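For the record, the sequence lines run as chains U and F. The first sequence begins at 1 in my numbering and counts up one residue at a time. The second sequence begins at 213 in my numbering and counts up one residue at a time. No residue lacks a Cβ here, since even glycine has one placed at the ideal position from N, Cα and C. Quick caveat: nothing in here was measured; it's all calculated off a predicted structure.
Number of protein chains: 2
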Amino acid sequence: MARWEPGTPGRLQEAALELFATRGYEQTTAAEIAQSVGLTERTFFRHFSDKREALFHGQDQLVAAFLDGAAAAPPGAPALDVVAAALRGATGFFPDERRPRARVRQTVIEANPALAERERHKLASIATTLADALRERGVGDLAATLAAESGLTVFRIAFAQWIRDGEERSLADIAVGVLRELAAVAGEVGEAITRRADGSPRAGALQARQGQ
Amino acid sequence: MARWEPGTPGRLQEAALELFATRGYEQTTAAEIAQSVGLTERTFFRHFSDKREALFHGQDQLVAAFLDGAAAAPPGAPALDVVAAALRGATGFFPDERRPRARVRQTVIEANPALAERERHKLASIATTLADALRERGVGDLAATLAAESGLTVFRIAFAQWIRDGEERSLADIAVGVLRELAAVAGEVGEAITRRADGSPRAGALQARQGQ
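Put into structure tokens, the structure is as follows:
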């Protein structure tokens, strides 16, 4: 699995993050980022299409980490188990030594609505990709979407907890806990959901109807 | 529960939607929207801060529909049952006669990334509000977040299905089906999730650890 990337792109990303955090994202130019590590603006644009991408570079590797994780689940595993495996892959992408950097990055992102949107869009597109992977494994259309969306919700909540002040558990441990809690919440279903309008007990109604 | 709003704001919204759909969102001005129904630009801006808000007016009523629904759940109901009740409230906001309009609105939104983002942000903020309502009912912090996020995921998936060509079921019926499928997906949890690292069986580990 790909980890932290050394070399020029990595140096530019570190420099970008530091300047965004200290001067502000809007107030920082690509040229300044490059100059702060003794490189030229032209070099910057050889690696990133714009300054924003210096914050989002690595998304492909994160997607691959989710998919590699999912691929490690045994054939025929229930959808949520595949998602658990995908989360193991994804959380392995964030060892504890990346936590300080992740905290700074989150602060920069939360200070800028356009960046927060880019981050939301990134997670949404990972959910779509993961749902496709589940479908390719034979998971039903709706179940694949729900499991993948739930997986990304778990990832988002776990990540927010991981970078909270004072949190010391690994991202992987937190994610397992959140996923368990999701299973508990969704499992604790009372009459209101399982009862059908005609009073008959629950059946696998939707999948049959979806296929019509 | 508030329904379709007649009068000037409603006329302006209808006119905006029609122009956005036929001419394109970017190509339509607030003045043109107002003129198309014999009103002035000044009147438009008395009701909406900008043309985008003509598409998103009514969000407060949708939030209220979720919350009113949740409030109707009996005290002590499991979190996902409260979410089911909230979904009943929210789906009541979209009777079948609104389906054609919802289809046109979705087409406009999907054609414009900034509008799609505004829509995602709307749903995310409803999830936050619903999670707060769950906490006020005594649902644990993490369970409240997970249940509310899951509820909005169900709403989003059900809504997309409701406006699909040829779909004739009500939004409420579709949402119940999607929620049931979520319960089934999350309930079908195998060894991978429930087994702890030391091999001991599942316990309510996370809630205890979250409280530390």
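Please list the terminal residues of the continuous alpha helix (DSSP H) segment that includes residue i.
i	result
residue 163 of chain U	Residue 163 of chain U -> no alpha helix (DSSP H), and no H or E assigned at all.
residue 178 of chain U	171-187
residue 186 of chain F	Here chain F has residues from 213 to 424 only, and residue 186 of chain F is not among them.
residue 214 of chain U	Examination of residue 214 of chain U is not possible in this model, given that chain U is present from 1 through 212 alone.
residue 230 of chain F	219-235
residue 52 of chain U	Where residue 52 of chain U is concerned, there is no enclosing alpha helix (DSSP H), given that its DSSP letter is neither H nor E.
residue 66 of chain U	59-71
residue 329 of chain F	325-348
residue 303 of chain F	291-303
If you compare alpha carbons, which of the options is closest to residue i?
i	options	result
residue 163 of chain U	U/91, U/31, U/103 and U/186	U/103
residue 83 of chain U	U/63, U/121, U/150 and U/64	U/150
residue 232 of chain F	F/270, F/297, F/327 and F/288	F/327
residue 339 of chain F	F/298, F/313 and F/223	F/298
residue 22 of chain U	U/68, U/172 and U/105	U/105
residue 100 of chain U	U/171, U/45 and U/78	U/171
residue 282 of chain F	F/400, F/333, F/341 and F/330	F/341
residue 7 of chain U	U/121, U/44 and U/173	U/44
residue 250 of chain F	F/261, F/228 and F/385	F/228
residue 180 of chain U	U/42, U/81, U/18 and U/74	U/81
residue 390 of chain F	U/175, U/178 and U/141	U/141
residue 287 of chain F	F/343, F/221, F/351 and F/388	F/351
residue 248 of chain F	F/258, F/332, F/226 and F/331	F/226
residue 261 of chain F	F/230, F/285 and F/221	F/221
residue 173 of chain U	U/95, U/64 and U/72	U/95
residue 24 of chain U	U/113, U/122, U/176 and U/159	U/113
Report the CB separation of residue i from residue j in whole angstroms; it is logged as a contact under 8 Å.
i	j	result
residue 33 of chain U	residue 67 of chain U	Not quite, the Cβ-Cβ distance comes to about 31 Å (not below 8 Å), so this is no contact.
residue 336 of chain F	residue 186 of chain U	20 Å between Cβ atoms; not a contact.
residue 161 of chain U	residue 167 of chain U	6 Å
residue 290 of chain F	residue 188 of chain U	4 Å
residue 117 of chain U	residue 253 of chain F	Going by Cβ atoms, the distance from residue 117 of chain U to residue 253 of chain F rounds to 29 Å, so no, they are not a contact pair.
residue 258 of chain F	residue 120 of chain U	Not a contact, Cβ separation roughly 32 Å.
Does chain A have any CB closer than 8 Å to the CB of residue i?
i	result
residue 362 of chain F	The question asks about chain A, but that chain is absent: this structure's protein chains are U and F.
Exercise. Between the segment 296-308 of chain F and the segment 357-369 of chain F, do three or more beta carbon pairs fall short of 8 Å?
Worked result: yes
Exercise. Per the contact definition of three or more C-beta pairs closer than 8 Å, is the segment 138-153 of chain U in contact with the segment 43-58 of chain U?
Worked result: no
Problem set entry | Validate contact between the segment 344-355 of chain F and the segment 316-326 of chain F using beta carbons, cut 8 Å, 3 pairs | no
Exercise. Going along the segment 110-121 of chain U in order, which residues come within less than 8 Å of chain F, judged by CB to CB distance?
Worked result: 117, 120 and 121
Exercise. Any residues in the segment 54-78 of chain U with a beta carbon nearer than 8 Å to a beta carbon of chain F? Which ones, in chain order?
Worked result: 73, 77 and 78
Exercise. With contact counted as at least three CB pairs below 8 Å, one residue from each stretch, are the segment 25-37 of chain U and the segment 57-66 of chain U in contact?
Worked result: no
For this session: With 7 Å as the C-beta to C-beta threshold (strictly closer), list the residues of the segment 363-374 of chain F near chain U in chain order.
Result: 365 and 369
For this session: Taking only beta carbons into account, state which residues of the segment 343-361 of chain F come closer than 7 Å to chain U, listed in chain order.
Result: 354, 355, 357, 358, 359 and 361
For this session: Note down, in chain order, all residues in the segment 373-399 of chain F with a beta-carbon under 9 Å from any beta-carbon belonging to chain U.
Result: 373, 381, 385, 386, 388, 389, 390, 391, 392, 393, 394, 395, 396, 397, 398 and 399
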